[in-house]
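This report concerns only the one structure given below.
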Amino acid sequence: MQDDQGFSDFFYTAPDGLKLHARVYGETDSGRWPVVCLPGLTRNARDFHELALHLSRQAKNPRRVVAFDYRGRGQSAYDPDISHYNVGVEAGDILAGLAVLGIENAAFIGTSRGGLIIHVLGAMRPAVLKAIVLNDIGPVIEAEGLAHIGSYLERAPKPKSFGEALDAQRGAHGGDFPALTEADWERMVSALYRETDAGLVPDFDSKLVDTLAGLDFTKPLPDLWPQFEALAAVPMLAIRGGNSKLLSAGTLEEMRKRHPCMEAITVDGQGHAPFLETGDLPDAIAAFLDRAEQQVQAK
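This is how it looks when you write it as structure tokens:
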């Protein structure tokens, strides 16, 4: 049952027995493609709250929306084996959750790591993908951008109050996100931290940082062009932050060439990754999903 916040909590068991969580927005019988939202490396389902409300309530064609917490994030259980914090295992977790929900296919929105998981899903079960929105992620990850994320996580601030957390986030990311309002920063902090008896703590397993330890940021990272090209028949919208260090303008242009029907949006005044609830993005995403569904049905 959905509460006045617009969603219900959904708990299920992963293939290896771990208890995982997602938020479910909207009605199950809307007749439209459902939408699956996949967050970034250390992020959680709360990042998509405003967008999910828009897609499930305010959009011209309301949709059921499922926003997942990966293992070790949000309300999902932490994994004692940190080697399981990888996109392959997480893709399997998503498929397990969709099976319990009775969702055979959907439109997918993936921010950063979520977009990488979409590439893996395309290899594991391509029929599950009806449309794709990639938020500041592509088949080439700039090592500079990933190194920036890793460096920040290693020295992440430990704020004692909401105000300190706001100051810390603005101090770390304000240069890349001059377009954000005070309300945007407040939503970011609310999604990133949780309250405990000891004060605010980041809402993810701190051992996630260790999964980046073996990467050599002085060398190009492996690309996913074959996996990306395998998605050529799936309607796609790519969103890039104008100040992104993770997805380059050159990679976005190459994505256009290799996926001729791909639509693209560059968000000025935002870096990695754009806030999908800001500006015209909610309407743009909803309109893209409507167009994609109409195009597929017309074939």
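In terms of my numbering, the sequence shown opens at residue 16 and continues consecutively. A virtual CB, placed ideally from N, CA and C, is assigned to each residue, including glycine.
Query - Contacts around Ile-109, its chain only, beta-carbon distance under 8 Å, and the 5 residues preceding and following it disregarded - result: Cβ neighbours of Ile-109 within its own chain (closer than 8 Å, five residues either side excluded): Val-51, Leu-53, Phe-83, Ile-132 and Leu-136.
Query - Val-143 - containing beta strand (DSSP E), residue span - result: Premise fails: Val-143 is in no beta strand (DSSP E) and is neither H nor E.
Query raised in the report: Between Pro-217 and Ala-171, which are expected to be in contact by the criterion C-beta below 8 Å, what is the C-beta distance as a whole number of angstroms?
Result: About 6 Å; that satisfies the 8 Å criterion.
Query raised in the report: Apart from the five residues just before and just after Glu-159, which ones in its own chain have a Cβ nearer than 6 Å to its Cβ?
Result: So the qualifying residues of the chain are Lys-260.
Query raised in the report: How is Asp-225 classed by DSSP in three states: helix, strand or coil?
Result: Of the three classes helix, strand and coil, the one that applies to Asp-225 here is helix, per DSSP.
Requested in this report: Decide if Val-115 is buried, meaning its Cβ has at least 16 other Cβ atoms within 10 Å, or exposed.
Outcome: It counts as exposed.
Report task. Put Asp-24 into one of helix, strand or coil per three-state DSSP. Result -> In the three-state DSSP reduction, Asp-24 falls in the strand class (E or B).
Query raised in the report: Apart from the five residues just before and just after Lys-222, which ones in its own chain have a Cβ nearer than 7 Å to its Cβ?
Result: If we look at Lys-222 and ignore the five residues flanking it on each side, its Cβ neighbours are Ile-97.
Query raised in the report: Is it true that the stretch 83-92 meets the stretch 34-49, where meeting means three or more beta-carbon pairs spaced less than 8 Å apart?
Result: Under the Cβ criterion (8 Å, minimum of three pairs), the stretch 83-92 counts as touching the stretch 34-49.
Requested in this report: Throw me the rounded Cβ distance for the Tyr-40 and Ser-71 pair, which I believe falls under 8 Å.
Outcome: With a contact defined as Cβ atoms closer than 8 Å, Tyr-40 and Ser-71 qualify at about 4 Å.
Query raised in the report: Do Leu-262 and Val-148 have their CB atoms nearer than 7 Å?
Result: Annotated as distal: Leu-262 and Val-148, with beta-carbon spacing of 7 Å or more.
Report task. State the Cα-Cα distance for the pair Thr-43 and Gly-103, rounded to the nearest angstrom. Result -> About 28 Å.
Query raised in the report: How long is the line joining the alpha carbons of Thr-57 and Thr-293, rounded to whole angstroms?
Result: Taking the straight line from one Cα to the other gives about 21 Å.
Query raised in the report: Where does Phe-123 fall in DSSP's three states?
Result: The answer is strand: DSSP assigns Phe-123 an E or B state.
Report task. Please go through the same chain and pick out, in chain order, the residues whose beta-carbon is closer than 6 Å to the beta-carbon of Ala-122, but skip the five residues on each side of it. Result -> Contacts found: Trp-48, Val-50, Lys-145, Ala-146 and Leu-304.
Requested in this report: Can you tell me which of Ala-206, Ile-152, Glu-201 and Lys-175 puts its alpha carbon nearest to the alpha carbon of Thr-266?
Outcome: Checking every option, the nearest Cα to that of Thr-266 belongs to Ile-152.
Report task. Tell me Phe-219's beta-bridge partners as DSSP assigns them. Result -> In DSSP, Phe-219 forms a bridge with Arg-88.
Query - beta strand (DSSP E) segment containing Leu-236, residue limits - result: Taken as a continuous stretch (DSSP letters only), Leu-236 belongs to no beta strand (DSSP E), as it is neither H nor E.
Requested in this report: Would you please state the rounded distance, in angstroms, between the beta carbons of Phe-290 and Leu-195? I believe it to be under 8 Å.
Outcome: Indeed, because the Cβ distance is near 7 Å, the residues count as touching under 8 Å.
Requested in this report: Output the distance between the C-alpha atoms of Gly-286 and Tyr-167, rounded to the nearest integer angstrom.
Outcome: When rounded, the separation of the alpha-carbon atoms in Gly-286 and Tyr-167 is 15 Å.
Query - Nearest-angstrom Cα separation, counted from Ala-74 out to Glu-197 - result: In this structure, the alpha-carbon of Glu-197 lies about 25 Å from that of Ala-74.
Query raised in the report: Which two residues bound the contiguous beta strand (DSSP E) that contains Leu-35?
Result: Unbroken beta strand (DSSP E) run through Leu-35: 34-40.
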